[in-house]
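Quick notes on the structure that follows.
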Amino acid sequence: MDEHELMMKKCLNLASRGQGKVSPNPLVGCVIINESKIIGKGYHKYFGGHHAEVNAINIAKKNGFRLKNASLYVNLEPCSHFGKTPPCADLIIKEGIKKVFIGIPDPNPLVSGIGIRKLKKAGVEVVTDILKGDCLHFNRFFIKSITKHIPYVTLKVAQSIDGMIALNDFSSKWITGNKSRELAHQLRASYDAVLIGKNTAEFDNPSLTVRSAVGRNPKRIVIDRDLSLSSDLKIFKDSCKSLTYIVTSSSARPIKGINYIKIPSRNGKIQLRQLLKALYSSGINSVLVEGGACVFSSFVDDNLFDDAIVMVSPKIIGNGISVFRDFKIHSLSKAKKLNLINISRKDDDVILYYKNN
């Protein structure tokens with residue numbers, strides 16, 4: 278790894294501190310160097326706040342460092358338009374920074390290459406595509422939402438080695454171990470919303486909050502087409518009640534103080550693409566799908582997921598509820614093929630990370 282890649286890694290590490298705080302904006306970190314010395318570091322801390330470049334420049338100036346002829350590293354193209362804050366490209370030019378190293382161009386049509394062109398026109402040397410793969414993956418939520426206008430979707434599955442997520446009576450606590458459950462809470466903290474179906478809500482009665490990790494609680498999306506869930510569930514009564522959103526095709530509003538999203542149904546199922554569009558419109562960039570079998574199967578059937586994190590416990594359940602039991606094919610050629618990206622362990626559990634093609 279060369280010096281430029283090391284500096285970009287530092288940008289990504291800084292940017293990660295904004296996780297769960299900046300959405301629907303991207304995660305951005307910035308490092309400024311002058312005379313081989315780091316003189317400023319910053320990251321986008323919260324939605325509506327200063328961008329990473331501004332924070333890094335302010336730190337350098339506060340500590341009395343010269344910015345003229347400095348080099349600036351940033352994992353995403355500096356913005357070129359007035360949004361909640363002024364353009365970062367203009368500030369970089371004004372401060373006399375002479376070299377800018379960028380991870381990836383900004384896919385936002387309001388920026389997309391304009392910031393780079395503005396810098397070059399002002400005589401700033403610009404180098405792009407540093408750690409491009411890492412930078413693309415790092416901001417995959419933002420990139421998917423800004424280009425496709427629907428959130429990034431991850432299926433999070435906790436299963437036995439024979440592919441069961443519950444017994445036939447829907448009992449599922451706990452299939453995986455403590456470390457895997459801690460990972461699940463870390464994931465919740467990094468996604469804008471967690472989504473489950475009616476059966477998971479009814480039989481597990483989950484809180485869907487972040488408890489075994491540090492971070493904000495996500496919005497809780499529950500699909501209940503006919504509004505048949507009991508008002509005694511935790512998601513309707515706890516202190517995070519305002520984060521609960523019920524997706525329904527019914528026009529009834531039975532529980533006071535709960536948010537409802539009305540989405541048309543087809544063949545007895547909520548139209549997931551319409552739901553994702555509605556979630557995007559409300560500022561949700563990423564969705565973690567936590568079950569159950571009907572919901573998992575629907576996302577696979579409609580090909581509306583981006584990746585899957587499968588936590589496999591060394592247990593055999595036998596006659597239970599399989600992960601994708603409602604996904605039906607009549608030929609092996611129609612099987613859904615995923616790409617295995619990574620394998621890790623959490624105590625006795627195996628964590629498999631797959632990307633959808």
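The sequence shown begins at 278 in the numbering used here and counts up one residue at a time.
From the three backbone atoms N, C-alpha and C, an ideal C-beta is built for every residue, glycine too.
What you are looking at is a predicted structure, and each value in this text was computed from that prediction instead of being measured.
By a beta-carbon distance limit of 8 Å, S457 does not contact G492. Their separation comes to about 17 Å.
A straight-line Cα-Cα distance of about 31 Å links G400 and G295. When beta bridges are read from the DSSP output, N311 appears opposite K314.
Contact between V308 and A347 is absent: CB atoms are separated by about 10 Å, not below the 8 Å threshold. For F342, the three-state secondary structure derived from DSSP is coil. According to the DSSP secondary-structure assignment, E282 is paired through a beta bridge with no residue.
In this structure K409 is in contact with I381, their Cβ atoms being roughly 6 Å apart against a cut-off of 8 Å. Of all alpha-carbon atoms in G317, I315, A329, K318, the one lying nearest the alpha-carbon of P303 is that of A329.
A distance of 8 Å or more separates the beta carbons of P384 and A366.
Where I370 is concerned, the enclosing alpha helix (DSSP H) starts and stops at 365-371. Residue range 570-578 is occupied by the alpha helix (DSSP H) that includes V572.
Residue state for D411 is assigned as helix, using DSSP reduced to three classes.
For F582, there is no enclosing alpha helix (DSSP H), as DSSP gives it neither H nor E. The way I'd put it, the stretch 485-501 does touch the stretch 518-527; three or more beta-carbon pairs between them come closer than 8 Å. Spatial neighbours of V403 in its own chain (CB-CB distance under 6 Å, excluding positions within 5 residues in sequence) are listed in chain order as V377, I393, L396, K397. As for any beta strand (DSSP E) of minimum length 3 sitting wholly inside the stretch 499-536, the runs are 521-525, ordered along the chain. For I547 against R602, the beta-carbon gap comes to about 18 Å, at or over 8 Å, which does not count as contact.
Under DSSP, T424 shares a beta bridge with no residue. Less than 8 Å divides the Cβ of E567 from the Cβ of K433. Relative to L291, the option among V299, K298, D279, G319 whose CA is nearest is G319. Take the alpha-carbon of N416 and the one of T486: they are about 23 Å apart.
Under DSSP, G390 takes part in no beta bridge, so it has no partner.
Under DSSP, the beta-bridge partners assigned to G306 are Y320. Non-local C-beta neighbours of S489 in its own chain, meaning closer than 6 Å and more than five positions away in sequence, comprise E459, H462, ordered along the chain. Counting the other Cβ atoms within 10 Å of the Cβ of L387 gives fewer than 16, which makes it exposed.
In the DSSP assignment, L549 forms no beta bridge with any residue. Q436 is bridged by DSSP to V589. Counted as a single uninterrupted DSSP element, the stretch harbouring L485 is not any beta strand (DSSP E), since DSSP gives it neither H nor E. DSSP lists L565, D584 as the bridge partner or partners of T431. Per DSSP, reduced to three states, the secondary structure at V403 is strand. If the five residues before and after Y557 are omitted, its C-beta is found closer than 8 Å to the C-beta atoms of S422, H426, I427, P428, all from its own chain and listed in chain order.
Ranked by Cα distance from I316, the options S300, K345, L289, G326 are led by K345.
Following the DSSP letters along the chain, one finds F604 in no alpha helix (DSSP H), marked with neither H nor E.
Looking at the backbone, the Cα of C571 and that of M441 are separated by about 13 Å. The beta carbons of L504 and A529 sit closer together than 8 Å. For M284, the CB contacts under 6 Å within the same chain, skipping 5 residues up- and downstream, are V308, Y350 in chain order.
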